[in-house]
Amino acid sequence: MQAHEVKTRTPRAVKKVVGRGGKRGKTSGRGTKGQDARAGHRKRPQMRDTIKKLPKLRGEGVSRNQFKTEFTHYVVLNLGILSLEFKNGDRVTPKVLLEHALVEKKGNKVPMVKILASGEFDKKLDIRGCLISESAKTAVEKLGGTVK
């Protein structure tokens, strides 16, 4: 077998040629008139016109709101999960939670984390950089942990 004899596993799809000779009648499946019916027709991408106008618009019509976030979404974790995942005296930060695969990145950013007091909790932890509910805070401090 030589290089020119190699065949693909799946044959290439061949585009159907329309409008050459008979068999399909008058307009050969192209409809009547219009840009699509002509030879060599090619519609421009719709966004092209908008993109071409952008330099002259100079920021007009662009909503400044798109750069602000209305709500900050927090990833919610419970103390029960933290007591299963961490040992006594461990430091808990959003980055550490990311390393333990308890939270996922949002785009390129480490998400905001809120800790709630549900579940069995029996560890002394040092929690930093996370929002924490009042009941969770008292539960952590009761066991000698710290919240900052």
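In my numbering, the protein residues as written are 136 to 283. Ideal placement from N, C-alpha and C gives every residue a C-beta, glycine not left out. Remember, predicted model here, so these are calculated numbers, not experimental data.
Element boundaries [beta strand (DSSP E), containing residue i]
i	result
residue 211	209-213
residue 237	Here residue 237 belongs to no beta strand (DSSP E), and DSSP marks it neither H nor E.
residue 136	Careful: residue 136 lies outside any beta strand (DSSP E) and carries neither H nor E.
residue 161	Taken as a continuous stretch (DSSP letters only), residue 161 belongs to no beta strand (DSSP E), as it is neither H nor E.
For residue i, the residue or residues it bridges with in DSSP
i	result
residue 217	In the DSSP output, where bridge partners are listed per residue, residue 217 has none listed.
residue 186	Per DSSP, none; premise fails for residue 186.
residue 226	261
residue 249	211, 266
Three-state class that DSSP yields for residue i in the structure shown
i	result
residue 281	strand
residue 261	strand
residue 168	coil
residue 150	coil
residue 275	helix
residue 191	helix
Assigned exposure category for residue i - 16 Cβ within 10 Å defines buried
i	result
residue 280	buried
residue 250	buried
residue 238	buried
residue 186	exposed
residue 138	exposed
Segment limits, alpha helix (DSSP H) that includes residue i
i	result
residue 232	229-234
Cβ-Cβ distance between residue i and residue j below 9 Å
i	j	result
residue 218	residue 196	no
residue 232	residue 248	yes
residue 224	residue 257	no
residue 265	residue 228	yes
residue 163	residue 153	yes
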